[in-house]
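In my numbering, the protein residues as written are -8 to 222.
The beta-carbon is built from N, C-alpha and C at its ideal position, and this holds for glycine as well.
Computed from a predicted model, the values in this text were never measured in an experiment.
Here is the structure we will look at.
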Amino acid sequence: MSPNLPFGDKAFGDLLRQIHVDPTLMVFFYWRTLSIWDGPKENPWKALVWPLVRESPALCCAVSSMAASHIFRERVSCFVDISVHKVASIQALANEQESVRTDLALATLLALAFSESWGQPTIGFGCIRLAKTFAKQALATCKYNSVSKDDYARLKFLCITFVYMDVISRLASDDGGSNNGDPIIQKCCGFVGKETEMDPLMGCATTLFPLIGDVAGLAWQSWGDTVPRSG
C-alpha cells in the first residue's frame, strides 16, 4: 500500500485486492477529490466520506470509478476502470441493499453520479433518482434519531451534494428533470441551514443551486408550453 494512503493496512489492502481496485485510484481520490478546501479536516470527501470507504465494497468501487473518471484524460488507461468499477459498485450495492446504511448508500450513488458526469456524456440520472430515496432517509434519520456529531456532519454534506447534483442533472436533462418542484430539495436546504454559508464543491452560497434549479424548471416549463403538441 502507498505510504501516502491513509488506512494503508493489510485489511484495506486485502479489500482492494478482493474487489480488484488499483490502490493508485485510492490515492487520487484522497488527494484530488473536488473541493475548494483541501485540508484533512476541511475537505469533506476526506473528512467525512473517506472513513467509510473501507467499510463498503460498493462505496470503495464507486470512489474508484469517480477517481478514474477524474484522471482518465491524463491517464488513458484509467478509462476502462470507470465502467468496470461502476458496474462492480452497483452489483455490490444491490447485494448490500438489505443492510446498507443510509450514508453509505447515498455516498455511493453520489460518487457514481459524479463518475458518470465526468467520464460519460450523461449526468447519472438513474443514480440521482435512487439517491433521492436515501436523501429522504437521511433527513428522517436526523429528525427522528439521535446521531453522532460526525454522522450529522456527514449526512449534511451528502444532502448538500445531492442538491448540487440534482440541479446539474436537471440543467442537462431533456425535460427539466424529474425532481423539479420536488419538496425534497427544499427540505435538504432547510436541513443544511443558513449557517452553512458556502458549499465545498463550487464555493457558492448554499442558496444558489436551489435557485438555479428553480430557474431551470421554469425555463423548461415555459419551453414545454410553447412546443406544439401533435394530435
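Query	Result
Pairwise C-alpha distance: Arg145 and Ser139	10 angstroms
Span separating the alpha-carbon of Leu43 from that of Cys150	16 angstroms
Nearest neighbour of Leu50, chosen from Arg8, His76, Ser213, Phe153 [CA to CA]	His76
Spatial distance of Asp5 from Leu199 (CA atoms)	43 angstroms
Cβ-based burial, Ser(-7) [other Cβ within 10 Å; buried from 16]	With a pLDDT of only 46 at Ser(-7), under the threshold of 50, the placement of this residue in the model should not be trusted; the figure read from the coordinates follows. The residue in question, Ser(-7), is exposed, as its Cβ has fewer than 16 Cβ neighbours within 10 Å.
As assigned by DSSP and simplified to three states, the class of Asp94	helix
Closer than 8 angstroms to chain B by CB, Asn86	Of the chains in the structure shown, none is chain B; there is only one protein chain.
Three CB pairs or more closer than 8 angstroms across the stretch 93 to 110 and the stretch 118 to 128	yes
Cα-Cα separation, Lys178 to Cys52	30 angstroms
Exposure of Ser56, with buried meaning 16 or more beta-carbon neighbours within 10 Å	buried
Beta-carbon proximity list for Ser80, same chain, < 7 angstroms, skipping 5 on both sides	Ala49, Cys52, Ala53, Ser56, Thr99, Leu103
Beta carbon of Leu95 nearer than 8 angstroms to that of Ala129	no
Residue burial classification, Ser213 (beta-carbon count within 10 angstroms, cutoff 16)	exposed
Nearest-angstrom Cα separation, counted from His61 out to Asp13	15 angstroms
Beta carbon of Ile176 nearer than 8 angstroms to that of Val154	yes
Segment limits, alpha helix (DSSP H) that includes Cys133	116 to 135
Reduced DSSP secondary structure (H/G/I, E/B, other) of Val40	helix
Spatial distance of Arg92 from Asp142 (CA atoms)	11 angstroms
7 angstroms CB neighbourhood of Thr132 in its chain, flanking five on each side removed	Thr93, Val138, Leu146
Start and end residues, alpha helix (DSSP H) containing Val78	70 to 86
Limits of the alpha helix (DSSP H) - the one that Val138 falls within	Val138 -> no alpha helix (DSSP H), and no H or E assigned at all.
For Tyr135 and Arg45, the rounded distance between their alpha carbons	28 angstroms
Under 8 angstroms between C-beta atoms of Tyr21 and Lys32	no
Secondary structure of His11, DSSP reduced to three states	coil
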